[in-house]
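Visitor: Can you keep this structure in mind? I'll have questions shortly.
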Amino acid sequence: MYVNRTLRFTSQPWRPYSVHLTDNRDESQLWGFSGSIVDNITASMGLRYKYKAPKDNMWGYRVPNGTWTGMLGDLQRNESELAVGPFLITTVIDEEFTFGSVFLVDNLRFLAGLKQPFFSAVFTRVSPFDIELWVLVGLTLLLLSYLSVKLVRSPRIQHAKGFLRTYGDIFFIYFAATMQKHSPTEHVGGGAVFRALHCLWLVGSFFAMNFFTASMRADLLVKVEAPRVRTTDDVLRNPDTRILLFGTAGFTELFLYTNEDSYSAVYDQVRRTGGELHPSEIYTDKNFRDVLARKAVMLQEEKGTMEDQIRRNCPAYMGRGFFYFSEESLGLLVMSWVTRKDFDAIIHREMKYRVRWLVDTGMVQLFMRDVSPGPTACWLQERHKSDMDGRMLEFEDLESVFVLYALLLQLALAAFILECLGPALSRCNSRFCPKRRHF
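Counting from 8, one number per residue, gives the positions in the sequence shown under this note's numbering.
Written out as structure tokens, the structure is:
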């Protein structure tokens, strides 16, 4: 129908939306998410096209003097008829240009990062008792020991050892029972009442220690989610968090022309932290590392640029952490391509019909998968966000326990060596010391 018609496109090369390629016949071809859409539409209509990239390497926005930059500037100067985009549908752009059919609806979310999606609460509550209960157990031991001293029948033993020594022996008998250790009672004597108290304490300690062990095991299996950015309030809670935002796209208009207090607060923090940057300055290694270190977040569309950037940069951050999106969406982004006001109405209508057909048949999603296939290992999967109960404990979860155990073994070995050296040194010194004479 339009065999002899050649359309003039303007396209800023930016994955996953528009990629400039050359086919086998050395002819230019658009590829990517939005590039594949216009390429298939023009082919179905028998149209040819040629494209150019904006000289200023910008997406397009209106400057205070009324002119436009980027692809929209090419349309304003009639250097092109259609800007591939996609562009966020806003009233500012709609005043001077015409939007095509909507082919992309996305959410505006925060991209955040974390080192580990969860951690084990190994030392959160090791003891099943409160500190007050442990004090009560200690006081009970002291009281039982005192009563048992009074219940010992053999005055001869008490007279020979004294009250304090007898009290200490009986106290450690009860303490050994608390630790489930055997301690003979013959050397302190005692009657049936003392033996009954000792037996009662031993049995009670047995059940208490089993309850302690079961509770400690349950505590070691507890897994806690790492703190995450879920809502806008989580981002604004830390005023030093840098919010990175496209400075040359239409996202800024969402924050400038709104009555929402949260939007105004977000944009104030963007400007205060210097986060409004050109797209080429946002997706850098430093910014990605700041996101993983929770020093910064990126405010971008979810399904488009952000996921593609993460998938292509993931190999550099394997093992360093995970990226994820906030649960709260700041807004719904409705995007399309843009044409001049005097663009051919018939071609515009036919292209809109074909865009709707591509969207309804799911071809648009196939274009996206063709550009950015599959998830990545550094992307936090949905199952890792809340379902944390089925994970088995790993060595890393109890690494601090093993380190502490190794240190205690070394201290015990050092104490053993000192115990062995003590008597040997005493014998050596006694050889050189003169014997005392008694007068």
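The C-beta atom is built at its ideal place from N, Cα and C for all residues, glycine as well.
Which residue from His27, Arg347, Met375 puts its Cα closest to that of Asn85?
Guide: Taking the sequence shown and counting its residues from 1, one reaches residue 85 at position 78. Among His27, Arg347, Met375, the Cα nearest to that of Asn85 belongs to Arg347.
Visitor: Excluding the 5 residues flanking Leu118 on each side, which residues of the same chain have their C-beta closer than 7 Å to its C-beta?
Guide: Here residue 118 refers to the residue found at position 111 of the sequence shown. Only Val298, Val304, Met305, Gln307, Met313, Phe330, Phe332 meet the Cβ criterion.
Visitor: Quick check on the burial criterion: 16 or more other C-beta atoms within 10 angstroms. Buried or exposed for Ile353?
Guide: Reading the sequence shown from its first residue, position 346 is the one you call residue 353. Flag for Ile353 reads exposed.
Visitor: Among Lys59, Asp63, Thr49, Val99, which one has its Cα closest to the Cα of Pro71?
Guide: Taking the sequence shown and counting its residues from 1, the one referred to as residue 71 is at position 64. Considering only alpha carbons, the answer is Val99.
Visitor: Mapping DSSP to helix, strand and coil, what is Ser35?
Guide: By 1-based counting over the sequence shown, the position of residue 35 is 28. Note: Ser35 maps to strand in three-state DSSP.
Visitor: Let me know the secondary structure DSSP gives Asp396 once reduced to three states.
Guide: Stepping through the sequence shown from its first residue, residue 396 is reached at position 389. Model confidence at Asp396 stands at a pLDDT of 47, short of 50, so the residue's coordinates are unreliable; what they give is reported in the following sentence. Coil.
Visitor: Assign Ser287 to one of three DSSP states: helix, strand, or coil.
Guide: What you label residue 287 is simply residue 280 of the sequence shown in a count that begins at 1. Ser287 falls in the helix class under three-state DSSP.
Visitor: Could you say which of Val144, Glu103, Gly53 lies nearest to Val357 if we only look at CA atoms?
Guide: By 1-based counting over the sequence shown, the position of residue 357 is 350. Val is not the amino acid found at residue 357; the sequence shown has Glu there. The shortest C-alpha separation from Glu357 is found at Gly53.
Visitor: Can you tell me the Cα-Cα spacing of Leu154 and Phe178, whole angstroms?
Guide: The residue you call residue 154 lines up with position 147 of the sequence shown. The residue you call residue 178 lines up with position 171 of the sequence shown. Going by the C-alpha atoms only, they are around 10 Å apart.
Visitor: Would you list, in sequence order, the uninterrupted alpha helix (DSSP H) runs of no fewer than 4 residues that lie entirely inside the stretch 290-358?
Guide: Fully enclosed alpha helix (DSSP H) runs of 4 or longer: 292-299, 314-320.
Visitor: At the level of alpha carbons, what is the spacing between Gln417 and Met325?
Guide: Here residue 417 refers to the residue found at position 410 of the sequence shown. Here residue 325 refers to the residue found at position 318 of the sequence shown. Near 36 Å, if we compare the C-alpha coordinates of Met325 and Gln417.
Visitor: Looking at Ser35: is its Cβ nearer than 8 Å to the Cβ of Lys57?
Guide: Your numbering for residue 35 matches position 28 in the sequence shown. Your numbering for residue 57 matches position 50 in the sequence shown. Contact: yes.
Visitor: So Lys59 and Ser41 are in contact, right, with Cβ under 8 Å, and what is the actual spacing, rounded?
Guide: By one-based count along the sequence shown, residue 59 stands at place 52. By one-based count along the sequence shown, residue 41 stands at place 34. About 16 Å separates the two Cβ atoms, so there is no contact after all.
Visitor: Run the CB neighbour count on Lys293, radius 10 Å, all protein chains shown included, and call it buried at 16 or more, exposed below.
Guide: Here residue 293 refers to the residue found at position 286 when the sequence shown is read from its first residue. It counts as exposed.
Visitor: If we ignore side chains and look at the alpha-carbon of each, how far apart do Pro23 and Ile48 end up?
Guide: On the sequence shown, position 16 is the one that residue 23 refers to. On the sequence shown, position 41 is the one that residue 48 refers to. Taking the straight line joining both Cα atoms gives about 18 Å.
Visitor: So for Gly463, helix, strand or coil by DSSP?
Guide: Residue coverage of the chain in this structure runs from 8 to 446, which leaves residue 463 outside it and unanswerable.
Visitor: Could you pull out every residue in the same chain whose Cβ sits closer than 8 Å to the Cβ of Arg15, ignoring the five residues on either side in sequence?
Guide: Start at 1 with the first residue of the sequence shown, and residue 15 comes out as number 8. Hits under 8 Å: Tyr56, Lys57, Tyr58, Lys59, Glu86, Ser87, Glu88, Leu89.
Visitor: Under 8 Å by Cβ, that's how I've got Thr239 and Val273 pegged, so tell me the actual separation to the nearest angstrom.
Guide: The sequence position of residue 239 within the sequence shown is 232, counting from 1. The sequence position of residue 273 within the sequence shown is 266, counting from 1. So it is a contact: roughly 6 Å between Cβ atoms.
Visitor: From which residue to which residue does the alpha helix (DSSP H) around Ala233 run?
Guide: Taking the sequence shown and counting its residues from 1, the one referred to as residue 233 is at position 226. First-last for Ala233: undefined, no H or E at that position.
Visitor: For the alpha helix (DSSP H) that contains Val45, what are its first and last residues?
Guide: Translated into the one-based positions of the sequence shown, residue 45 becomes position 38. Where Val45 is concerned, the enclosing alpha helix (DSSP H) stretches over 40-52.
Visitor: Cα separation between Asp113 and Leu337?
Guide: Translated into the one-based positions of the sequence shown, residue 113 becomes position 106. Translated into the one-based positions of the sequence shown, residue 337 becomes position 330. Each residue's Cα considered, the two are about 11 Å apart.
Visitor: By a C-beta neighbour count over all protein chains shown, 10 Å radius and 16 as the cutoff for buried, is Ser43 buried or exposed?
Guide: As a first step, residue 43 must be located in the sequence shown, where it is residue number 36. Counting Cβ neighbours within 10 Å, Ser43 comes out buried, since at least 16 surround it.
Visitor: Can you give me the Cβ contacts of Ser393 inside the same chain, cut-off strictly under 7 Å, excluding the 5 residues immediately before and after it?
Guide: Residue mapping note: residue 393 aligns to position 386 of the sequence shown, counting from 1. Bear in mind that a pLDDT of 45 at Ser393, under 50, signals an unreliable position, so the number given afterwards is only what the model happens to contain. No residues qualify anywhere along the chain.
Visitor: Tell me whether the beta-carbon of Met342 lies closer than 8 Å to the beta-carbon of Gly67.
Guide: The sequence position of residue 342 within the sequence shown is 335, counting from 1. The sequence position of residue 67 within the sequence shown is 60, counting from 1. No, they are not a contact pair.
Visitor: Taking C-alpha atoms, which residue in Pro234, Phe104, Arg32 lies nearest to Pro124?
Guide: For the purposes of this step, residue 124 is taken as the residue at position 117 of the sequence shown. For the residues Pro234, Phe104, Arg32, the minimum Cα distance to Pro124 belongs to Pro234.
Visitor: So, helix, strand or coil for Tyr68, using DSSP?
Guide: Within the sequence shown, numbered from 1, the residue matching residue 68 stands at position 61. Coil.
Visitor: Go to Ala447, then tell me how far its beta strand (DSSP E) extends in each direction, as first and last residue.
Guide: Nothing in the structure corresponds to residue 447, since the chain is present only between 8 and 446.
Visitor: Can you list, in chain order, the residues of its chain with a C-beta nearer than 7 Å to that of Thr13? Leave out the 5 residues immediately preceding and following it.
Guide: Taking the first residue of the sequence shown as position 1, residue 13 is located at position 6. Cβ within range, chain order: Arg55, Tyr56, Lys57.
Visitor: From this set, Ala384, Asp241, Trp344, which residue's C-alpha is nearest Ile96's C-alpha?
Guide: Within the sequence shown, numbered from 1, the residue matching residue 96 stands at position 89. The shortest Cα separation from Ile96 among Ala384, Asp241, Trp344 belongs to Trp344.
Visitor: Which two residues bound the contiguous alpha helix (DSSP H) that contains Thr13?
Guide: The residue labelled residue 13 in the question sits at position 6 within the sequence shown. Unbroken run through Thr13 is the beta strand (DSSP E), 13-17; no alpha helix (DSSP H).
Visitor: Given Glu309, which residues of its chain have a CB within under 7 Å of its CB, disregarding the five upstream and five downstream residues?
Guide: The count along the sequence shown starts at 1 and reaches residue 309 at position 302. Correct list, in chain order: Asp113, Asn114, Arg116, Phe332.
Visitor: Could you compute how far the alpha carbon of Leu79 sits from the alpha carbon of Arg32?
Guide: In the sequence shown, residue 79 corresponds to position 72, counting from 1. In the sequence shown, residue 32 corresponds to position 25, counting from 1. Each residue's alpha carbon lies about 30 Å from the other.
Visitor: Alpha carbon to alpha carbon, what distance is there between Asp315 and Gln121?
Guide: Walking along the sequence shown from the start, residue 121 turns up at place 114. Walking along the sequence shown from the start, residue 315 turns up at place 308. Reading off the sequence, residue 121 comes out as Leu, not Gln. Their backbone Cα atoms lie some 19 Å apart in a straight line.
Visitor: Among the residues of its own chain, which have a CB less than 7 Å from the CB of Gly397, if the five just before and after it don't count?
Guide: For this step, residue 397 is matched to residue 390 along the sequence shown. Residue confidence for Gly397 is low, a pLDDT of 48 falling below 50, so the modelled location carries little weight; the figure read from the coordinates is stated next. Answer for Gly397: no residue qualifies.
Visitor: Just to confirm before moving on: does the CB-CB distance between Ile289 and Leu339 stay below 8 Å?
Guide: Counting from one through the sequence shown, the residue named residue 289 turns up at place 282. Counting from one through the sequence shown, the residue named residue 339 turns up at place 332. No.
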